[in-house]
Structure formats: structure tokens, C-alpha cells
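UniProt numbering applies: residue 1 is where the sequence shown begins, and numbers increase by one.
Comments concern the structure below.
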Amino acid sequence: MVQEIDKNRTSGQTAKNDTSSRSHMFLSFQVKASKTEQSGAITTTRSGITFVDLAGSESLKNVTDRVSETQAINAELSALRSVLTSMGTNQSRIPFRDTQLTRLLEDGFTTGKVLFIQAASLGELEESIHTMDFGGLVSKVTQKKPAKNVITAFAGTEPTTVGEGRTTPTPKTPSKPVASTPSTPSTRGTRGGSRGGASGRGTPTPRGGAKKRGV
1 MVQEIDKNRT
11 SGQTAKNDTS
21 SRSHMFLSFQ
31 VKASKTEQSG
41 AITTTRSGIT
51 FVDLAGSESL
61 KNVTDRVSET
71 QAINAELSAL
81 RSVLTSMGTN
91 QSRIPFRDTQ
101 LTRLLEDGFT
111 TGKVLFIQAA
121 SLGELEESIH
131 TMDFGGLVSK
141 VTQKKPAKNV
151 ITAFAGTEPT
161 TVGEGRTTPT
171 PKTPSKPVAS
181 TPSTPSTRGT
191 RGGSRGGASG
201 RGTPTPRGGA
211 KKRGV
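Here it is in C-alpha cells:
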């Protein structure tokens, strides 16, 4: 796979390297693992790793051709340096959006862990010092603990997010009918009603016949 990707990369001869990489390479893997808990819940964990090979940096004073290409690469590497400097000094604004390179690296710097591998050469002392300075900026970056990307759900449930990268199941339980409470009949009558009780407020129920007024 790496060989196939490498075929699509741009390379060229420079003053320092006959086959210098003139483009950045990104190789990402996404891994998903699922297991069934004793409760019957299915827990899925997602993770990923990205390998990045940055284009070779060249000093413009050593470049006779491919000047515009070298300027573009150096501008992106300079933007990456600005990102590392801002993160290392806890700036409120991190310039990830300045270049395409830093945009692609934003997720790894903010939600993951970064391992930086440097290539140095005793024969190129000045270039190696610049490379080590670059790596020194990475060592000053303090990253947050990566959020676990875990999803747990039961069959026939809809997961509900409760935190970054983590969800818990919400069972679909049918709604239960609410039992109606029988109304208690009122025993108060209106004036003029009999004393025998009432089937409703203001509706007297006579006992043994109604009495007529004036009789």
C-alpha cells in the first residue's frame, strides 16, 4: 500500500537530495472493534492512526530551479511551525486554518497523540539544527487526553450521546396507560334540597317523594 501511494508522490532532484519528496504523504487507518457484554449490550470502540511524511525542506539559497515549489513547501512548513509555537505557548488562537497541511493535522494535534520522527545528517549540520529546532517545538506541546470513542447499544435501542465520543443506550419502552381516578360524588345539596344525599352538586335526590311548597 505504501509503495502504491509513493508512486503518486511528487519527487525531484535538489541541491541536497537526488530524490527529494516534493509533496506531503498522509496514510490513515481506521480500526473498529465490537464485543458483546454480559448484559447483551454491544460495545463498539473506534480508533485510528495516521502516518504523515512531510515534504523535504530546502533552503532557497541552495535552490536553482523549482523555486516556486520550494517556496510553497516552506510556507506550509512555516505554518506548521506557527501552529506548534502557538500550542506550546497556550495561545487562544491556533492558526490551523492557514494552510491545507495544518488543516489535515488539526485532528491529530487536538484530539489525539503525536509522535514526531526527525531525520538528521552529520554531513548537513545546518539543516539538521533547523530540524532539531522544529522537533523541540513539538516537545513543548501539551495535548489533552484523547476522548474514548465508544458506542454502547442494545438491540432495538437508540444510543443517546452523553459525552464526547461516548454514547449510552436509551431503551425504547412502550408508554404505559395512566389509570383514571374515579371522581368522588359530592354530597352537598343546594338549598331547598332533601337531606337524603345528592347524586351531583345542586341536584337533590328526594326520599319518598317531593314536598310541595304550601302544602
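Don't be surprised by glycine CBs; every beta carbon is placed ideally from N, CA and C.
A quick note: this is a predicted structure, and the numbers were derived from the prediction, not measured.
Assuming residue 28 and residue 10 make a contact with CB atoms under 8 Å, what is their CB distance in whole Å?
Incorrect: roughly 20 Å between the Cβ atoms, too far for contact.
Pick from 115, 127 and 125: whose alpha carbon is nearest that of residue 140?
Out of 115, 127 and 125, 115 has the C-alpha closest to the C-alpha of residue 140.
Where do the N-terminal and C-terminal ends of the alpha helix (DSSP H) with residue 133 fall, by residue?
125-139 is the span of the alpha helix (DSSP H), which, as asked, contains residue 133.
Spatial neighbours of residue 94 within its chain, please: CB distance less than 7 Å, with the 5 preceding and 5 following residues excluded, ordered by chain position.
Once the five neighbours on either side are set aside, the close Cβ partners of residue 94 are 83, 86 and 87.
Work out the CA separation of residue 52 and residue 38 for me, nearest whole Å.
Spanning the two alpha carbons is a distance of roughly 40 Å.
Between 144, 101 and 89, which has its C-alpha nearest residue 136's C-alpha?
Per the Cα distances, 89.
Take every Cβ of the stretch 39-50, pair it with every Cβ of the stretch 64-78, and state whether three or more of those distances are shorter than 8 Å.
At 8 Å Cβ cutoff, the stretches do not touch.
Going by beta carbon distance, what residues of the same chain come within less than 7 Å of residue 97, once the five residues before and after it are set aside?
103, listed in sequence order.
Is DSSP giving residue 30 helix, strand or coil here?
Residue 30: strand per DSSP, three-state reduction.
Between residue 21 and residue 72, is the Cβ-Cβ spacing less than 8 Å?
Cβ atoms of residue 21 and residue 72: not closer than 8 Å.
Buried or exposed: where does residue 109 fall if 16 or more other Cβ atoms within 10 Å of its Cβ makes it buried?
Counting Cβ neighbours within 10 Å, residue 109 comes out buried, since at least 16 surround it.
Can you tell which of 74, 32, 143 and 2 has its C-alpha closest to the C-alpha of residue 111?
For residue 111, the nearest C-alpha among the options comes from 143.
Does residue 169 come out as helix, strand or coil in the three-state DSSP assignment?
With a pLDDT of 47 at residue 169, under the threshold of 50, the modelled position of that residue is not reliable, and no figure is offered here.
Quick check on residue 49: does DSSP put it in helix, strand or coil?
If DSSP states are grouped into helix, strand and coil, residue 49 belongs with the strands.
Excluding the five sequence neighbours on either side, which residues of its own chain have a C-beta within less than 7 Å of the C-beta of residue 12, listed in chain order?
Around residue 12: 20, 22 and 66.
DSSP three-state label for residue 175, please.
Any reading at residue 175 needs caution, since the residue's pLDDT is 48, under 50, leaving its predicted position unreliable; the model's value is listed next. DSSP places residue 175 in coil when its eight states are reduced to three.
Could you tell me the alpha carbon to alpha carbon distance between residue 57 and residue 74, rounded to whole angstroms?
The alpha-carbon atoms of residue 57 and residue 74 are separated by roughly 6 Å.
Among 4, 124, 122 and 105, which has the Cα closest to the Cα of residue 138?
Per the Cα distances, 105.
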